[in-house]
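In what follows, a structure is listed as structure tokens, so that the remarks can point back to it.
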Amino acid sequence: MTKQEVADALRVSTRTVCRYVKLGWLAPIRISEQVVRFDQDEVERFITEGPGARPEP
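With my numbering applied, the sequence shown has no gaps in its numbers, which climb one by one up to 1084 at the end.
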């Protein structure tokens, strides 16, 4: 997912998505220096379980 798609899914701004990344709440997948994507499953988990939720081992 792109940063904009994540922002739309969370109903926040792209700036807030960047803040969530800095807080460690969302982990970006760096495609290149300027291209970042997010795992859809992680975003859905964030929506349902809240910040800091991690998958069980």
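In this text, a Cβ means the ideal position worked out from N, Cα and C, and glycines have one as well.
By how many angstroms is the C-alpha of residue j removed from the C-alpha of residue i?
i	j	result
residue 1060	residue 1030	14 Å
residue 1073	residue 1036	10 Å
residue 1039	residue 1058	23 Å
residue 1052	residue 1064	14 Å
residue 1042	residue 1050	12 Å
Only counting the same chain, and skipping five residues up and downstream in sequence, which positions put a Cβ closer than 8 Å to that of residue i?
i	result
residue 1066	1028, 1054, 1056
With C-beta atoms as the reference, is residue i less than 7 Å away from residue j?
i	j	result
residue 1062	residue 1033	no
Go through its chain and collect everything with a Cβ distance to residue i's Cβ below 6 Å, but skip five positions before and after it.
i	result
residue 1044	1030, 1033, 1034
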